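A quick write-up on the structure given underneath.
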Amino acid sequence: MMHRVRGVVVHGKGEPVSVETILVPDPGPGEALVDILTCGVCHTDLAYQQGGINDEYPFLLGHEATGVVAAVGDDVTEVAVGDRVILNWRAVCGQCRACRRGEPQYCFDTHNATQKMTLEDGTVLSPALGIGAFAEKTLVAAGQCTRVSEAADPAAVGLLGCGVMAGIGAAMNTGGVQHGDSVAVIGCGGVGTAAVAGARLAGATTIIAVDIDDDKLARTRNFGATHTINSRNQDPVAAIRELTGGNGADVVIEAVGRPETYEQAFYARDLAGVVVLVGVPTPDMKIELPLLEVFGRGGALKSSWYGDCLPSRDFPMLVQHYLNGNLDLDGFVTERIGIDDVEAAFEKMHTGNVLRSVVEIS
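Residue 203 in full-length UniProt numbering sits at position 203 of the sequence shown; the count goes up by one each step and never skips.
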């Protein structure tokens, strides 16, 4: 059976999105059909529209989603009909070399639904990050569904599906922030602000937010920043050192993805400290560092992909922290919009005043 539903589609590079009828098949083996409740508007969706991911148009956009399982295919044991789930783009295979060595968060063979969703004329859609959740229903691999409590606001916890998890995980998983650590976060958009929240949740006592926008800096205070630095007005390396006894921070998280801010992160960490790159650079960017400085400072230079998360482990834990009042996911929801408002939400991203617009679908 094919389900006719509305979804947000982009047909070509830079073209405006449109809400169209799409066809979603019943789930086959290992697949799940999900009724979407909410889906956050992420910069990755904008990147798909602008041709920054690949050219496999048309795309069915949306991926930061919460939904309810409507049907499952054969051999599905992870979830059942009626389960409230957050969707993820790391459905681990269980068989690759990372999974076999007990590190499924680095799975090299994550998978998506086998069957394809299409337009009414049969044109195959490419779902964003293998999800495609700006739609009333979507088809995913069952492993892309993580069961969570129905007590949580779906608009808030769905954001764990991408950007918020990336930031929190950069602090807690990749950076390994510990109680009493000092942490600096360079770049305070959605991911950087989530890194601030993750640092507080992990027990850091000095949390320094760095950005060039005073409004963004002020906002980080609500998520746990103890100090803020406007790097237009201050040398951020010197300022971070001054706030950490002249030593530098134990963990510095770069959430911009530019060579100049990465260099700031490198020099702003303490000896044997950790630098985490979670900002996404473009393919042409390069960085040059004195090799002796890399050697002499020790510590670790890490990159963080999806916050090094394991959804089955991290989503329920973070949702419980949210329900217990320890993690303010509600604060990331700037506005709630309809499925017809995605293009306007993309425009608002350019102002920098929106952490997340969230589409409420059902």
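Here a beta-carbon is modelled for each residue, glycine too, at the ideal position from N, C-alpha and C. Computed from a prediction, not measured in an experiment: that's the story for all the values here.
Using a threshold of 8 Å, state whether the C-beta atoms of residue i and residue j are closer than that.
i           : j           : result
residue 110 : residue 302 : no
residue 213 : residue 352 : yes
residue 138 : residue 154 : no
residue 186 : residue 276 : no
residue 63  : residue 42  : yes
residue 24  : residue 340 : no
residue 201 : residue 165 : no
residue 231 : residue 211 : yes
residue 248 : residue 268 : yes
residue 65  : residue 36  : yes
residue 319 : residue 61  : no
Among all the DSSP beta bridges, which residues are the ones paired with residue i?
i           : result
residue 171 : None; residue 171 has no bridge partner.
residue 2   : 25
residue 84  : 68
residue 337 : 359
residue 127 : 60
Would you report the Cα separation of residue i and residue j, rounded to the nearest angstrom?
i           : j           : result
residue 266 : residue 278 : 14 Å
residue 184 : residue 259 : 17 Å
residue 311 : residue 88  : 7 Å
residue 313 : residue 181 : 24 Å
residue 44  : residue 243 : 34 Å
residue 364 : residue 188 : Residue numbering for the chain in the displayed model covers 1 to 362; residue 364 lies beyond these limits and cannot be assessed.
residue 4   : residue 281 : 38 Å
residue 91  : residue 233 : 44 Å
residue 257 : residue 160 : 21 Å
residue 241 : residue 273 : 13 Å
residue 308 : residue 168 : 10 Å
residue 355 : residue 290 : 36 Å
residue 218 : residue 27  : 46 Å
How would you call residue i, buried or exposed, if buried means at least 16 neighbouring beta carbons within 10 angstroms?
i           : result
residue 149 : exposed
residue 222 : exposed
residue 350 : exposed
residue 304 : buried
residue 58  : buried
residue 75  : exposed
residue 287 : exposed
residue 163 : buried
residue 13  : exposed
Practice problem: For the region 70-82 and the region 48-57, state whether three or more C-beta atom pairs, one from each stretch, are separated by less than 8 Å. | Solution: no
Quiz item: Is the region 96-105 close to the region 113-128, with three or more CB pairs under 8 Å?
Solution: no
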